[in-house]
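Participant: Please see the structure below; I have some questions.
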Amino acid sequence: MKAKVVKINGPVVVAKGGSFLMNEMVRVGEKKIVGEVIGLNGDNATIQVYEETSGLKIGEPVEGSGRPLSVILGPGMIGNIYDGIQRPLKAVEELSKGPFIERGIDAFPLPKDARWQVEILKKVGDQVRPGEVYAQVQERGIVHKLLVPPDVSGKVKEVNTKSEYTIDDVLLVFEDGRTLGMYQVWPVRVPRPVKRRKPSEIPLITGQRVIDTFFPIAKGGTAAIPGGFGTGKTMLQHQLAKWADADVIVYIGCGERGNEMTEVLKEFPELKDPRTGRPLMDRTILIANTSNMPVSAREASIYTGITIAEYFRDMGYHVAIMADSTSRWAEALRELSGRLEEIPAEEGYPAYLSSRIAQFYERAGLVE
Numbered sequence: 591m592k593a594k595v596v597k598i599n600g601p602v603v604v605a606k607g608g609s610f611l612m613n614e615m616v617r618v619g620e621k622k623i624v625g626e627v628i629g630l631n632g633d634n635a636t637i638q639v640y641e642e643t644s645g646l647k648i649g650e651p652v653e654g655s656g657r658p659l660s661v662i663l664g665p666g667m668i669g670n671i672y673d674g675i676q677r678p679l680k681a682v683e684e685l686s687k688g689p690f691i692e693r694g695i696d697a698f699p700l701p702k703d704a705r706w707q708v709e710i711l712k713k714v715g716d717q718v719r720p721g722e723v724y725a726q727v728q729e730r731g732i733v734h735k736l737l738v739p740p741d742v743s744g745k746v747k748e749v750n751t752k753s754e755y756t757i758d759d760v761l762l763v764f765e766d767g768r769t770l771g772m773y774q775v776w777p778v779r780v781p782r783p784v785k786r787r788k789p790s791e792i793p794l795i796t797g798q799r800v801i802d803t804f805f806p807i808a809k810g811g812t813a814a815i816p817g818g819f820g821t822g823k824t825m826l827q828h829q830l831a832k833w834a835d836a837d838v839i840v841y842i843g844c845g846e847r848g849n850e851m852t853e854v855l856k857e858f859p860e861l862k863d864p865r866t867g868r869p870l871m872d873r874t875i876l877i878a879n880t881s882n883m884p885v886s887a888r889e890a891s892i893y894t895g896i897t898i899a900e901y902f903r904d905m906g907y908h909v910a911i912m913a914d915s916t917s918r919w920a921e922a923l924r925e926l927s928g929r930l931e932e933i934p935a936e937e938g939y940p941a942y943l944s945s946r947i948a949q950f951y952e953r954a955g956l957v958e
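Heads up: the sequence shown runs through residues 591 to 958, numbered per the numbering used here.
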């Protein structure tokens, strides 16, 4: 039996029939807009839709993908600008053929036509273990290390020896038939595993003397910038993104005004990194889920950003992640919680708000 839409309440949709997994990514309606299963009750699935639901009708089909909401991690992310569910906005603009993003557009996050010079570090007969670097690529002045996923190990049977590779090429084949390519897929709500956590003892030099003197931050630590409207929180985060002592910057505009993200896009390619002399955009990944984009995707954008940050952290790089702002993420949770008819806590926020924010902040750290 195929699942069909039986209830629509803003970004919350209920589908009846079908067999879904909790947190499974689904395609809703004739336009195949992206959603995520957030509740199961008998054969009813509650879906949080990450795009505008206007025009969606009762009875339209819902298709499951069989996997949770995930990001694709590989060469081509640095210098890119994504929306909250990791669709590259430049490709989306081309597919939309206009200034407004059409619904249901599916664009691969990494450039399919790019050709990469890949140095494969494993040879036939080598035993490969989880977490090892099996190949590396030069990307915008950064050595992009391709890591063996945590659930993959085995003996190499075959190595692809080409002069140039595309993102879809297979690099290694194992004796059991499994393969390793140029990218991996990772569910955004699952923290990437680590061997151990180290104490946060190294200071993060932010480039702002007042912060380094009075409010020092450690590498692997977290900090919040509270303040009223127009007090300069976003401008301070722009300064941290420009001058902080980090190898990679992940900047998430979560419910931010569009003009503030535009400022980052205009300034960063023009400014030079004082350590490398290259444009600041060459070490930055932008996730733009601005205030005019669907509210439900704000939560996804936070998790998309932290997963990308963990991927570069696993390569051994210092990554600074700016989430601007978690208060608008909390407002999005409040709106969705109201539509789900959950019992509200203080000021209408959901009772699980504090645990959600804690889970997010706990993914930071200095690790091995």
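Each residue gets a CB set at the ideal place from its N, CA and C atoms; glycine is no exception.
No experiment lies behind these values; they were computed from the predicted model shown.
(1) Go to G625, then tell me how far its beta strand (DSSP E) extends in each direction, as first and last residue.
(2) By Cβ distance below 7 Å, which residues in the same chain neighbour D904 in space, the five residues on each side in sequence not counted?
(3) Could you please give the first and the last residue of the uninterrupted beta strand (DSSP E) stretch that includes L663?
(4) Return the first residue and the last residue of the alpha helix (DSSP H) that W706 is part of.
(5) Shortest alpha-carbon distance to G674 belongs to which of R705, I598, E641?
(6) With H, G and I counted as helix, E and B as strand and the rest as coil, what does DSSP make of H734?
(7) Thinking C-alpha only, which one of A910, M883, V838 is nearest T866?
(8) Please indicate yes or no: does the CB of I710 lie closer than 7 Å to some heavy atom of the ligand ZN?
(9) By Cβ distance below 6 Å, which residues in the same chain neighbour G649 in space, the five residues on each side in sequence not counted?
(10) Please state the DSSP three-state secondary structure of Q682.
(11) At 3 residues or longer, what runs of the beta strand (DSSP E) sit wholly inside the region 793 to 854?
(12) Apply the 10 Å Cβ neighbour rule to A814 and answer buried if 16 or more other Cβ atoms are within range, or exposed otherwise.
(13) Taking only three categories from DSSP, how would you classify K856?
(14) By a C-beta neighbour count over all protein chains shown, 10 Å radius and 16 as the cutoff for buried, is M871 buried or exposed?
(15) Indicate the three-state DSSP secondary structure (helix, strand or coil) for S891 in the structure shown.
(16) Leaving out the 5 sequence neighbours to the left and right, which residues in its chain are closer than 7 Å to P806 when beta-carbon positions are compared?
(17) Should Q707 be labelled buried (16 or more other beta-carbon atoms within 10 Å of its own) or exposed?
(18) Compare the beta carbon distance of R953 and E900 with 8 Å and say whether it is the shorter of the two.
(19) Could you pull out every residue in the same chain whose Cβ sits closer than 7 Å to the Cβ of L679, ignoring the five residues on either side in sequence?
(20) Please work out which residues of its chain come closer than 8 Å, Cβ to Cβ, to T756, disregarding the five sequence neighbours upstream and downstream, and give them in chain order.
(21) Distance check for T874 and R730, CA to CA, integer angstroms please.
(22) Helix, strand or coil for T916 per DSSP?
(23) At which residues does the alpha helix (DSSP H) containing Q949 begin and terminate?
(24) For T614, does the three-state DSSP call read helix, strand or coil?
(25) Taking only three categories from DSSP, how would you classify Y901?
(26) Where does I933 sit, in a helix, a strand or coil, going by DSSP?
Facilitator: Once the coordinates are examined:
(1) Where G625 is concerned, the enclosing beta strand (DSSP E) starts and stops at 623 to 631.
(2) A distance below 7 Å between beta-carbons, with the five flanking residues on each side excluded, links D904 to the following residues of its chain, in chain order: L737, R782.
(3) DSSP places L663 inside the beta strand (DSSP E), whose first and last residues are 660 to 663.
(4) Counting along the chain, W706 falls outside any alpha helix (DSSP H), and DSSP gives it neither H nor E.
(5) Its Cα nearest to that of G674, the residue E641 stands out among R705, I598, E641.
(6) The answer is strand: DSSP assigns H734 an E or B state.
(7) Of the listed residues, the one whose Cα sits closest to T866 is V838.
(8) This structure lacks the ligand ZN, and indeed carries no ligand of any kind.
(9) Excluding its 5 nearest sequence neighbours in each direction, G649 has C-beta neighbours in its own chain below 6 Å: K594, listed in chain order.
(10) Note on identity: in this sequence residue 682 is Val, with Gln being the wrong assignment. When DSSP states are grouped into helix, strand and coil, V682 belongs to the helix group.
(11) 838 to 844, all fully within the region 793 to 854.
(12) Label assigned to A814: exposed.
(13) It is helical.
(14) Buried, because 16 or more other Cβ atoms sit within 10 Å of the Cβ of M871.
(15) Shown here, S891 sits in a helix according to DSSP, grouped into three states.
(16) Correct list, in chain order: P793.
(17) Looking at its Cβ environment, which holds fewer than 16 other Cβ atoms inside 10 Å, Q707 is exposed.
(18) For R953 and E900, yes; Cβs fall inside 8 Å.
(19) Apart from the 5 residues on each side of it in sequence, L679 sits with its Cβ closer than 7 Å to the Cβ of I671, Y672, D673, A878 in its chain, given in chain order.
(20) Close CB contacts of T756 within its chain, under the 8 Å cut and outside five residues either way in sequence, are with K702, D703, A704, R705, W706, M772 (chain order).
(21) Just so you know, the alpha carbons of R730 and T874 end up roughly 10 Å apart.
(22) DSSP, read as helix, strand or coil, puts T916 in helix.
(23) Note, Q949: alpha helix (DSSP H), 943 to 952.
(24) The sequence given here has Glu at residue 614, not Thr. Strand at E614.
(25) In the three-state reduction of the DSSP assignment, Y901 falls in the helix class, which pools H, G and I.
(26) Coil.
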